[in-house]
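Remarks on the structure that follows.
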Amino acid sequence: MRIKSVLLCFMAFTSFTFAQTKDILIENVRIVDHTTGALTAPMNVFISGKVIETISAKSIAVKSADVLKINGNGKTLMPGLIDVHVHMVFGSLTMAQMMAPDMTEEVLLGKIATASQKMLMRGFTSVRDAGGPIFPLKMAIDKGKVIGPRIWPSGATISQTAGHGDFRTPDERSRRFFGKASRAEELGATFIADGRDEVLTATRENLRFGASQIKLMAGGGTSSAYDPIDVTQYTLDEMKAAVDAAEDWGTYVMVHAYTPRAVQRAVEAGVKSIEHGQMLDEETLRLLAKNQVWLSLQNLMDNNDNMDAQRKEKRKPVLDGQDKVWPLAKKLGVKLAWGTDFLFEPELNDDQNSYILRLQKWFTNAEILKMITQDNGELLQLSGLRSPYPGKLGVVEEKALADLLLVDGNPLKDLALITNPEKNFLVIIKDGQVFKNTLKGKK
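Once you know that position 335 of the sequence shown is 677 in the numbering used here, the rest is easy, because the numbers rise by one and skip nothing.
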C-alpha cells in the first residue's frame, strides 16, 4: 500500500481545508439531556482542546483572549450523530465500479474522499466501518489531509469460501488451490479464510494494520453471489478463533448474520455485536439480552427498480422481518444500536439522515436521539484499548469528547430537523474543531 500516493489522491479530491486550533466558548444553548429526554435550561459550554471542559448555567470566564466565541441564541446543542454500520468504500461505489479491471487502490480510495466530507457535513462525527480497505482514509482524516468523521475501522471482512465476503468473479479460482489472491483481496476488501489457522492469520493481519474490531461473515447475505440467505457460515471453532485473537488484543468480533442458527453460534463463540439480525426469533433475542450482546440493526428501504432480481428475492425475508424484530428486541431489553449499511448504492448516501426517521415506528424521538448518539457511542467503546479515539462519545457532558451539533430548533419535538443538515445544523464540531459555523463568531 503506497500511503503517500493515496494521501495525494485524497487531497486532489478534497476542496475543504481547516486549521482551527482555538478553544471554543458556546454561549446560551439548550442541551439535549438523554437522562431526562428533554432540553436543559440555557447553558454555556467551554471546549478546551478536544474535550468539553465546562458546562455551566453561569457565565464562563476564559483566561485567554484567543478563544472562538459562538452565541447559540438559545438553539439546541446535541452530540454528533453516530452510524455504527457503514462501508465508507463499498457504500461509495457500485459493484461494477469496484470490480472494474482498471480500478486501482488509489482511484478506489480517491472516490470516497468527497463522500467522507459530505458525511461529516451531514452531522455524522463518528462511524464504525464494517469492512473494506479503510485504513488509508482513516489515516488521511486523522492527519487532517481529508475531511471526514472519526472512523472505527474493521479492515477487510473475513469470510469463508462461498461466504458473504467472497467477491470473486466467476473466472477467479481459489487461492488455496491455485495460488493467486482474488482482486477483492488484493484491494483489501476481504480475506477469504478457511480453517482455524487462516482465520487467525486474517484476524491478526487486520489488527496489525490498526483494526479497532474484527468483522466476520457468519451467515448468508443479500449482496453476495454464492451464498443463500439461510446458510450458516464458519464452524464454531473457526469463529472462536477470531474471537480469541481479538480478545487477546483487548477488542471484539462483530458478525454479519440474519438467522437464529447463525446468531446462536456467534453468541456461543463469544461474539459481542450482531450486525443485522432481521430474521431473528424471540428465543434468540432473549439469548442476546441475557448475554448482553449488542444487536446492531438497520431499517432498510424496500427494493428499488434498479436492483437485480436475485438480490431482490434474497432481501425479501430481511425486509419482512424488520417490523417484528425492532419492537420485540426493544421489549426484551436487547442492547440496540443503529446503522445504515448502504452497500454498492452510492445514491443512498444523501438519505443517511432521513433513514433515522424510520425508527419513529417503534421509538420516541428522545429514544432515537439517545440511540444514534449515546448508545452507539457505547458500542464504539467496546474496542477498549484498540479504540482509536479514547474518551466518552454521544453525550454533552464535562470531560466528554467535543463532537457537537448546534441545531436550529428542537429535534426532541421535531426529529425531521436532522434530515436537512445543510439548513438546520448551524455549527458542526468534531474533536474540538469547528468544521461548519453559519453563526457570527467573535474573538
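No residue lacks a Cβ here, since even glycine has one placed at the ideal position from N, Cα and C.
Quick caveat, the model's predicted, so the values are computed rather than measured.
Distance CB(residue i)-CB(residue j) smaller than 8 Å
i	j	result
V737	L746	no
T626	V660	no
S496	P688	no
L735	K392	no
I424	F466	yes
A504	R538	no
L630	V667	no
S566	D508	yes
E580	V541	yes
V371	L748	yes
A599	G561	yes
I412	L781	yes
Three-state secondary structure assigned by DSSP to residue i
i	result
V776	strand
F705	coil
D375	strand
S406	coil
W668	helix
D693	helix
S458	helix
T715	helix
P495	strand
L661	helix
T761	helix
K656	helix
F355	Low confidence applies here, because F355 scores a pLDDT of 48, under 50, leaving its location unreliable; read the following figure in that light. Residue state, collapsed to three classes: helix.
N752	coil
K400	coil
I698	helix
M596	strand
Inter-residue Cα distance where the pair is residue i and residue j
i	j	result
D586	Q702	38 Å
Y576	I710	34 Å
D569	S729	32 Å
D365	A482	23 Å
K741	E395	6 Å
T761	R517	45 Å
F551	P475	11 Å
G681	A523	31 Å
G416	L754	15 Å
E443	D375	It should be pointed out that residue 443 corresponds to Pro in this sequence rather than to Glu. For P443 and D375, the distance between alpha carbons rounds to 51 Å.
A498	R603	24 Å
M713	R607	26 Å
V776	P763	15 Å
L549	Y731	16 Å
G675	T456	38 Å
T378	F533	45 Å
G774	P491	13 Å
Endpoints, alpha helix (DSSP H) assigned at residue i
i	result
K480	477-484
V609	602-611
N386	Note, N386: premise wrong, no alpha helix (DSSP H); beta strand (DSSP E) at 385-390.
L630	624-633
L722	718-722
V585	578-590
F533	First-last for F533: 532-534, but that is the beta strand (DSSP E), not the alpha helix (DSSP H).
A526	525-528
Neighbourhood of residue i by C-beta distance below 7 Å, restricted to the same chain and skipping five residues each side
i	result
L670	E624, L627
M353	Unreliable positioning characterises M353 in this predicted model, as indicated by a pLDDT of 48, which lies under 50. The coordinate reading is nonetheless provided below. K487, listed in sequence order.
Residues near residue i in its chain [Cβ-Cβ closer than 8 Å; skip 5 each side]
i	result
E589	G612
L757	I698, L699, Q702, N707, I710, L711
D665	K703
H429	D471, A472, G473, G474, D683, F684, L685
L578	R607, E610, A611
V404	D365, L367, F388
R546	A587
L350	With a pLDDT of 49 at L350, under the threshold of 50, the modelled position of this residue cannot be trusted, and the question is left open.
Close beta carbons around residue i, own chain, < 6 Å, minus the five adjacent residues each side
i	result
M437	F686
N779	V769
G733	L743
L727	G592
V431	I454, G474, P475
L381	R372
Host beta strand (DSSP E) of residue i (start-end)
i	result
E540	It is not in any beta strand (DSSP E) - E540 instead sits in the alpha helix (DSSP H) that spans 537-551.
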